[in-house]
Each structure stands twice: as C-alpha cells, then as structure tokens.
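Taking my numbering, the leading residue of the sequence shown gets 32, the next gets one more, and so forth.
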Amino acid sequence: MTELAYLADPPAAYVRAFRARITALPPGAVVLDRTFFYPTGGGQANDRGTLGLPGAEAAEVVDVTKSGASVVHRVRGSTSVLRALSVGAEVEGVLDWDRRYRHMRLHTGQHLLSARIFARTRLRTRKAMMSVTSANLDLEGTLPPDVVPLLAEDLAEALTHPRPVTLRHIPRAEWDRNPYAERSGLVPLPVQVDPVRVVEIEASDVCPCGGTHLRSTGEIGRVRLRPPVPAVGGDRIGFSLEEPSLPTPPG
Ligand SMILES: [Zn+2]
C-alpha cells in the first residue's frame, strides 16, 4: 500500500522532493511506502521526475499509475542505477515541477470554469481532461454562444481578484446530506469514498476531488478560452495556458 502523500493538505501539493522507502520492485517499476508523484487519474496526467538513492545517480520516472492500493512508478535508467534499487532502501524522489505545476494550474482552472459555466447556465461538466498546456471540459448540453465572452471575463477576474483555494476532509455521511448536492460536476462519487476530500474555491465552487490544486486562483495565470465545439452528449469547451511556465510564488 502506498500513502498518497500529495493528498494530505494544500502545502503537500507543492512538495517537489521527498524521501520514501521501496516496498516492492515489479519489473521496470518501483513501489514506495509513500509518494508525492501523482498517478494518472481524474482527468489529470501523471507526474514525471527522478527516483534514486540519495546522492547517487537517479532513474527517470516515465509513468506513474495506481494499481489497487499501490502507486507504481515506471522507471528507466542504466543497469547499474536500476540494480542499486532494493526493497527496504530509502530513495529520494524529485518531481518534474514545471510539468506538475502546469497540471495544478490547469486543474484549478478547470474547477473554476466548470463552476462559472454551472453558475451562468446550470450546465454541469460530465468529464474533464487536462494535458500538457490545455484542458477540455465535456458539458451535458449546448453552451449558449453569448455566455462564452462572459466566461472569459470570469477567468480573467480570477487573476485580478484572486480567491483562495482550500481543502477539507469531511465524513461521507456529512457530505451526503450536505447543501452542495447541486454541484458543477456530474461524475458520481464512488460509494467507498469516506472521508470526502472537498476542494473549495472561495465563493465559487465546492467539489470532491483527489487531484492537486493551487492555493489561489491567482496562480492559474492568463488563459485563452476556446470556442465550444459539439461533442458526444453536449458541447466541449477548453482553455490553454498563455504562459506555460510561470514561477511558483513562495507559500
Ligand atoms: Zn480537482
């Protein structure tokens, strides 16, 4: 079992390097007792980076996936680097921060855009996909064209008037009788999820989510909204980051 250390609290999403212990070595891969590498899921792509004995040459982490209760880090490296890894050894993981921070900006931007679409049209998001520098949202219906410029203004306003993004873990029973049943996402919450990890953008959105998010909407940066296009079951609307690489403000 791997502890998903990036989930714990908002600062955990900003951890770029960590120590952990190897618990298993499947062919070409490493399983750790805890990890800050995000495994592909929930529309967010996996992290990349390096993994190796402290102070020694490191293997490259090329893919990260979940397998049951474990996180599998697929690694690539020279024979000597891979042979140095043994069960029980302490290793240092270093995230490709540029890639991860982009994913955090896209993911938080997606929450905000889904919330603003819901607030303005009552249309909910069926599915969200984020990769490289852009995000796509599949909606449950057709977006009225006159709403699109207003959504662009909403995203710009989140930069000029940043809103804090916070995290709470609440018991499932409390979530099920909560006042947030009307939410912007249509993806059902699996029955076994308890407690529920709730991500809140102040005065904008409340959403159960297991991804990595920013501390503030101000960090999303400038985005370019694309016009909606028809997709299965409704429109698809997307946005891209105008500045793919942005410095991370100190926490
Ligand atoms: Zn999320």
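All residues carry an ideal CB built from backbone N, CA and C; glycine is no exception. Since the structure is predicted, the reported quantities are computational estimates derived from the model, not experimental observations.
Assigned exposure category for S145 - 16 Cβ within 10 Å defines buried: For the purposes of this step, residue 145 is identified with residue 114 of the sequence shown, where counting begins at 1. Note on S145: 16 or more other CB atoms within 10 angstroms of its CB, so buried under the neighbour-count rule.
Is the number of C-beta pairs between the region 157–175 and the region 106–118 that are closer than 8 Å three or more? Three or more beta-carbon pairs separated by less than 8 Å are not found between the region 157–175 and the region 106–118, which leaves the two stretches without contact.
Distance check for V263 and E188, CA to CA, integer angstroms please. The residue you call residue 188 lines up with position 157 of the sequence shown. The residue you call residue 263 lines up with position 232 of the sequence shown. Take the alpha-carbon of E188 and the one of V263: they are about 30 Å apart.
For H142, which three-state DSSP category applies? What you label residue 142 is simply residue 111 of the sequence shown in a count that begins at 1. Note: H142 maps to helix in three-state DSSP.
Member of G119, V103 and N77 whose CA lies at the smallest distance from the CA of L84: Working through the sequence shown from its first residue, we reach residue 84 at position 53. When each option's Cα is compared against that of L84, the closest is G119.
When DSSP labels each residue in this structure, what does F67 get in the three-state scheme? In the sequence shown, counting from the first residue as 1, residue 67 sits at position 36. F67 falls in the coil class under three-state DSSP.
Mind pulling the alpha helix (DSSP H) runs of 4 or more residues that sit fully within the region 102–128? Here the runs fully enclosed are 110–114.
At a cut-off of 6 Å, would you count H138 as near ligand 1, judging by its Cβ distance to the nearest heavy atom? As a position in the sequence shown, residue 138 is number 107, starting the count at 1. The beta carbon of H138 sits closer than 6 Å to at least one heavy atom of ligand 1.
Per DSSP, which one or two residues make a beta bridge with F270? The residue you call residue 270 lines up with position 239 of the sequence shown. According to DSSP, F270 bridges with A166 and L256.
Where do the ends of the beta strand (DSSP E) carrying R199 lie? Within the sequence shown, the letter at position 168 stands for residue 199. V196 to I201 is the span of the beta strand (DSSP E), which, as asked, contains R199.
How long is the line joining the alpha carbons of E121 and H134, rounded to whole angstroms? As a first step, residue 121 must be located in the sequence shown, where it is residue number 90. As a first step, residue 134 must be located in the sequence shown, where it is residue number 103. One C-alpha to the other measures close to 28 Å.
Could you check whether E231 and V224 sit closer than 7 Å to each other, using their CB atoms as the reference points? Indexing the sequence shown from 1 puts residue 224 at position 193. Indexing the sequence shown from 1 puts residue 231 at position 200. With a cutoff of 7 Å on beta-carbon distance, V224 and E231 are scored as not near each other.
With respect to the beta strand (DSSP E) encompassing L220, which residues constitute its N-terminal and C-terminal limits? By 1-based counting over the sequence shown, the position of residue 220 is 189. Run containing L220: none; DSSP gives neither H nor E here.
Taking C-beta to C-beta, are E273 and R255 nearer than 7 Å? Here the question's residue 273 lines up with position 242 in the sequence shown. Here the question's residue 255 lines up with position 224 in the sequence shown. Yes, they are a contact pair.
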